[in-house]
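Chains as they are written, first to last, in my numbering: chain W, 742 to 855; chain E, 79 to 192. Only one structure is covered here, and it is reproduced in the block below.
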Amino acid sequence: DVKVTQSSRYLVKRTGEKVFLECVQDMDHENMFWYRQDPGLGLRLIYFSYDVKMKEKGDIPEGYSVSREKKERFSLILESASTNQTSMYLCASSTYGTGNEKLFFGSGTQLSVL
Amino acid sequence: QQQVKQSPQSLIVQKGGISIINCAYENTAFDYFPWYQQFPGKGPALLIAIRPDVSEKKEGRFTISFNKSAKQFSLHIMDSQPGDSATYFCAASRSSGSARQLTFGSGTQLTVLP
Numbered sequence: 742d743v744k745v746t747q748s749s750r751y752l753v754k755r756t757g758e759k760v761f762l763e764c765v766q767d768m769d770h771e772n773m774f775w776y777r778q779d780p781g782l783g784l785r786l787i788y789f790s791y792d793v794k795m796k797e798k799g800d801i802p803e804g805y806s807v808s809r810e811k812k813e814r815f816s817l818i819l820e821s822a823s824t825n826q827t828s829m830y831l832c833a834s835s836t837y838g839t840g841n842e843k844l845f846f847g848s849g850t851q852l853s854v855l
Numbered sequence: 079q080q081q082v083k084q085s086p087q088s089l090i091v092q093k094g095g096i097s098i099i100n101c102a103y104e105n106t107a108f109d110y111f112p113w114y115q116q117f118p119g120k121g122p123a124l125l126i127a128i129r130p131d132v133s134e135k136k137e138g139r140f141t142i143s144f145n146k147s148a149k150q151f152s153l154h155i156m157d158s159q160p161g162d163s164a165t166y167f168c169a170a171s172r173s174s175g176s177a178r179q180l181t182f183g184s185g186t187q188l189t190v191l192p
């Protein structure tokens, strides 16, 4: 089975801190995604990557950046954390899309920014 | 701007009843419509999916009904069981540059009473 591992289950940071969320997948998938999940808003796409060193903005990229130096690892960076970035962050991966792609999600990182 | 609208936000059903969750989309570029199921503490997992060239897809107790002209689709859970209690997300997928982008609905929290 595909495994998508997120480095932390819970994270507490202070306003203004630089925050790194790490994600690793073990199935050699080309595509990787970062979503945030908020009650009543569902999952919103922050950034995605379809290849090493490639990245595309999703629907809500403001305040975030990403890094993909290796195929299996996709990092989400909050340059200066703010309280409105308190959320559940979900990483996902999928193989190259043929139109019926299946996303495999990690268990999420609950980030609290104080 | 919510491209995929999902209702209801929450749903309570008796064991053995039928659960129905509805979604509507606006962008006609969407060409693949999956449903994801999420249990507490876990990431979402693909449940069932449909392409717009068919009007219905059934897998066990789960059925997707698709109405292309109305740009609506729905998930029906027959003989609902307490183990089906979870959050359900509809989604719609389209090509985006060199990858495919998945847009999720806001989610429905289903509770099946024993």
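Even for Gly, the Cβ is constructed at its ideal location relative to N, Cα and C.
Three-state secondary structure (DSSP) at residue i?
| i | result |
| --- | --- |
| N105 of chain E | coil |
| D779 of chain W | strand |
| Q81 of chain E | coil |
| Q150 of chain E | strand |
| T875 of chain W | Since the first residue shown for chain W is 742 and the last is 855, residue 875 of chain W is missing from the structure and cannot be characterised. |
| M773 of chain W | strand |
| I96 of chain E | coil |
| T141 of chain E | strand |
Name the chain W residues whose beta carbon is nearer than 8 Å to that of residue i?
| i | result |
| --- | --- |
| Q87 of chain E | G781 |
| F167 of chain E | G783 and L784 |
Can you find a CB in chain W that lies within less than 7 Å of the CB of residue i?
| i | result |
| --- | --- |
| R172 of chain E | no |
| P130 of chain E | no |
| D183 of chain E | First, the amino acid is wrong: residue 183 of chain E is Gly here, not Asp. It does; some Cβ of chain W falls within 7 Å. |
| K135 of chain E | no |
| P122 of chain E | yes |
| A177 of chain E | yes |
Residue i lies in the beta strand (DSSP E); which residues open and close that run?
| i | result |
| --- | --- |
| Y110 of chain E | Neither: Y110 of chain E is in no beta strand (DSSP E) and is coded neither H nor E. |
| S88 of chain E | S88 to Q92 |
| R178 of chain E | A177 to F182 |
| S133 of chain E | Note, S133 of chain E: premise wrong, no beta strand (DSSP E); not H, not E. |
| F117 of chain E | That residue, F117 of chain E, is in no beta strand (DSSP E); it is neither H nor E in DSSP. |
| E810 of chain W | Y805 to K811 |
| S821 of chain W | Counting along the chain, S821 of chain W falls outside any beta strand (DSSP E), and DSSP gives it neither H nor E. |
| L852 of chain W | T850 to V854 |
| K754 of chain W | Y751 to K754 |
| Q159 of chain E | Where Q159 of chain E is concerned, there is no enclosing beta strand (DSSP E), given that its DSSP letter is neither H nor E. |
| L844 of chain W | Element bounds for L844 of chain W: n/a, residue is neither H nor E. |
Could you work out which residues of chain W lie near residue i, taking near to mean beta carbons separated by less than 9 Å?
| i | result |
| --- | --- |
| S97 of chain E | Near S97 of chain E there are no residues of chain W at all, since even the closest Cβ is about 18 Å away, more than 9 Å. |
Note down, in chain order, every chain E residue with its Cβ under 8 Å from the Cβ of residue i.
| i | result |
| --- | --- |
| E820 of chain W | Those within 8 Å of E820 of chain W in chain E number zero; the least Cβ separation is about 24 Å. |
| S848 of chain W | G119, K120 and G121 |
Would residue i pass as an interface residue toward chain E - the criterion being a Cβ-Cβ separation below 7 Å?
| i | result |
| --- | --- |
| L752 of chain W | no |
| N772 of chain W | yes |
| Y791 of chain W | yes |
| L831 of chain W | yes |
For residue i, count neighbouring C-beta atoms within 10 Å of its own C-beta (all shown protein chains included) and say buried if the count is 16 or more, exposed if not.
| i | result |
| --- | --- |
| T106 of chain E | exposed |
| V807 of chain W | buried |
| G847 of chain W | buried |
| N825 of chain W | exposed |
Starting from the beta carbon of residue i, find every residue of chain E whose beta carbon is closer than 7 Å, and list them in chain order.
| i | result |
| --- | --- |
| K843 of chain W | L124 |
For a contact defined as C-beta to C-beta under 7 Å, what are the partners of residue i on chain W?
| i | result |
| --- | --- |
| F144 of chain E | Correct list: empty, because the minimum Cβ distance to chain W is about 14 Å. |
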